[in-house]
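J.: In our numbering, the protein residues as written are 823 to 1242. Below is one structure. I have some questions about it.
Written out as structure tokens, the structure is:
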């Protein structure tokens, strides 16, 4: 999807970064920082390689201490500063800085596979059906399909079917002729014609009345629409992407959705899992939202980097509201925090209602903690450094950018994990 250059020094110093970027659908090309770059290439370099950097690049200051992010400004490249304790969000932040416009924020391997499939689907004109809970990112995925298609230069029109007035649904979708009904003082082309040559995204498709479902089916099958009050159909060239947060198979069985329309929409099915099942996406989306909020606040504001305890709290929540809830929690934390960093106490997360007596209790699934993932990444980095220095602790600590005391602590932690 996107190709960036990463210096050999960065790869050796932060071995987990390449894997993170690959899960974020970024292709990494290892480069020597002193070798001339390819035209337009963005490179990830260590701060010590600044002499070979341009304003397009990203510098990593990998060291112990408070993390920081300094955006590119005045011809200077972006700088991301972090150590082992903050490596999880640090890598996610770098992934966001190189993520192409139009690509959803992902860090989970399963999400990367879904996006790879979506990119293949985008190259066709096949109708796609996106299913998933509210707030899982269905419109973002639809925009990605449009951006990756040969229709990308044309319009992407998004409409929430649940928000359309029922009495006006037909006219708004298919257009109407002047005087075709009371109040139609002028003709309107409708959303299908507005999206001609591009993509029409129909969110909450299950909310369409059965009569309109039949008309939509004909539009999909024949490539033409009949505006309200018209006597002749009008040809349209539109790719339709539909989305639903309900089970459309169940809706068909209940007689609320036409099965022939379902099969016509379900040519290329895509399903977005709840955010609670995508733990590394929580990190990626957190980094994306914090970057957006920081940009909106202005360069004078310090980047609101969450503490490891705050990251743990985000990881353990089940996110019934998915990405929308995550955005609300982060925005509140930025406003209410007492220090430069976001701490766990700043995250006002609503807990689920207690289960009442008589309710069926689902089997508990052990949550995947982002802290555990980050910890394993740190331990892998230590193993890698010790192998490269033949077990010399002082050299390994220097290579990792930490003190020998911190390295001894980490090695003790590794022994405890091995003994557990």
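The C-beta atom is built at its ideal place from N, Cα and C for all residues, glycine as well.
Residue 1046 by DSSP, collapsed to three states: which one?
T.: Residue 1046 falls in the strand class under three-state DSSP.
J.: Can you find the residues in the same chain that come closer than 8 Å, C-beta to C-beta, to residue 1192, ignoring five residues on each side of it along the sequence?
T.: Because residue 1192 carries a pLDDT of 49, less than 50, the predicted location of this residue cannot be relied on, and the following value inherits that uncertainty. 910, 1101, 1102, 1104, 1105, 1133, 1134, 1136 and 1137, listed in sequence order.
J.: Using beta-carbon positions only, say whether residue 921 and residue 1041 come within less than 8 Å of one another.
T.: Not a contact, by the Cβ cut-off of 8 Å.
J.: Whole angstroms are fine: how far does the CA of residue 923 sit from the CA of residue 1066?
T.: Looking at the two C-alpha atoms, the distance is approximately 25 Å.
J.: Do you know whose CA, among 993, 1019, 1207 and 955, lies nearest residue 1070's CA?
T.: Ranking 993, 1019, 1207 and 955 by Cα distance to residue 1070 puts 955 first.
J.: So, at 6 Å on beta carbons, what are the nonlocal neighbours of residue 958 in its own chain, with the 5 sequence-adjacent residues on each side left out?
T.: The residues are 1094 and 1144.
J.: Taking 6 Å as the limit between beta carbons, can you name the residues of its chain near residue 1098, skipping five residues before and five after?
T.: Only 1140 and 1141 meet the Cβ criterion.
J.: Going residue by residue through the region 1004-1037, where are the continuous beta strand (DSSP E) segments of at least 3 residues, counting only ones entirely within it?
T.: Runs found: 1021-1025.
J.: Got a sec, what are the start and stop residues for the beta strand (DSSP E) residue 881 sits in?
T.: Residues 880-884.
J.: If the criterion is Cβ atoms closer than 8 Å, does the pair residue 932 and residue 843 meet it?
T.: The answer is no: Cβ separation not under 8 Å.
J.: Provide the residue(s) that pair with residue 900 in DSSP beta bridges, ordered along the chain.
T.: Its beta-bridge partners are 880.
J.: Can you say whether residue 1045 is buried or exposed, counting buried as having 16 or more other CB atoms within 10 angstroms of its CB?
T.: It counts as exposed.
J.: Quick test of the definition: if touching needs 3 or more C-beta pairs under 8 Å, does the region 1111-1130 touch the region 932-947?
T.: Result no; under three Cβ-Cβ pairs closer than 8 Å.
J.: Contact check, residue 1064 vs residue 1087 under 8 Å by CB: the rounded distance?
T.: About 5 Å separates the two Cβ atoms, so the contact holds.
J.: Decide if residue 1082 is buried, meaning its Cβ has at least 16 other Cβ atoms within 10 Å, or exposed.
T.: With fewer than 16 Cβ atoms within 10 Å of its Cβ, residue 1082 is classed as exposed.
J.: How big is the Cα-Cα spacing for residue 1235 and residue 1229?
T.: Whole-angstrom Cα-Cα distance: 10 Å.
J.: Cβ atoms of residue 1079 and residue 1020: under 8 Å apart, would you say?
T.: No, the pair does not count as a contact, with Cβ atoms beyond the cut-off.
J.: Would you mind listing the alpha helix (DSSP H) stretches within the region 916-992 that are 4+ residues and don't spill past its ends, in chain order?
T.: Complete alpha helix (DSSP H) runs here, min 4: 931-944 and 960-969.
J.: If distances are taken between C-alpha atoms only, which option among 876, 893 and 1215 comes closest to residue 1119?
T.: Of 876, 893 and 1215, the residue nearest in Cα terms is 893.
J.: Should residue 1160 go down as buried or exposed, given a rule of 16 or more other Cβ atoms within 10 Å for buried?
T.: Exposed, since its Cβ has fewer than 16 Cβ neighbours within 10 Å.
J.: In the DSSP assignment, what are the bridge partners of residue 1064?
T.: Partner(s): 951 and 1024.
J.: On the CB-based measure, 16 or more other CB atoms within 10 Å of its CB, does residue 968 come out buried or exposed?
T.: So residue 968 counts as buried.
J.: Within the continuous alpha helix (DSSP H) that includes residue 1081, where are the two ends?
T.: That run of the alpha helix (DSSP H) goes 1081-1087.
J.: State the Cα-Cα distance for the pair residue 1013 and residue 1024, rounded to the nearest angstrom.
T.: Cα to Cα, residue 1013 sits roughly 10 Å from residue 1024.
J.: Can you list, in chain order, the residues of its chain with a C-beta nearer than 8 Å to that of residue 1115? Leave out the 5 residues immediately preceding and following it.
T.: The answer, listed in chain order, is 1126, 1152, 1153 and 1156.
J.: Going by beta-carbon coordinates alone, are residue 871 and residue 900 separated by less than 8 Å?
T.: No, Cβ-Cβ distance for residue 871 and residue 900 is not below 8 Å.
J.: Go to residue 829, then tell me how far its beta strand (DSSP E) extends in each direction, as first and last residue.
T.: Segment 824-829, the beta strand (DSSP E) holding residue 829.
J.: In or out: residue 925 buried (at least 16 other Cβ within 10 Å) or exposed?
T.: Label assigned to residue 925: buried.
J.: Could you tell me how far apart the beta carbons of residue 857 and residue 879 are, in whole angstroms, since I believe they sit closer than 8 Å?
T.: No, residue 857 and residue 879 are not in contact; Cβ-Cβ is about 14 Å, not under 8 Å.
J.: Report the rounded CA-to-CA distance for residue 861 versus residue 1026, giving the unit in angstroms.
T.: Near 44 Å, if we compare the C-alpha coordinates of residue 1026 and residue 861.
J.: With residue 913 and residue 839 assumed to form a contact (beta carbons below 8 Å), what rounded beta-carbon distance in angstroms separates them?
T.: Right, the Cβ-Cβ distance comes to about 5 Å (below 8 Å), so this counts as a contact.
J.: Just the Cα atoms here: how many angstroms apart are residue 1213 and residue 868?
T.: Going by the C-alpha atoms only, they are around 24 Å apart.
J.: Measuring alpha carbon to alpha carbon, tell me which residue in 1000, 993, 855 and 1204 is nearest residue 1034.
T.: Selected option, being the one with the closest Cα: 993.
J.: Going by C-alpha distance, which of 1225, 1131, 919 and 1059 is nearest residue 1167?
T.: Of the candidates 1225, 1131, 919 and 1059, the one whose C-alpha sits nearest the C-alpha of residue 1167 is 1131.
J.: According to DSSP, is residue 1206 part of a helix, a strand, or is it coil?
T.: It is helical.
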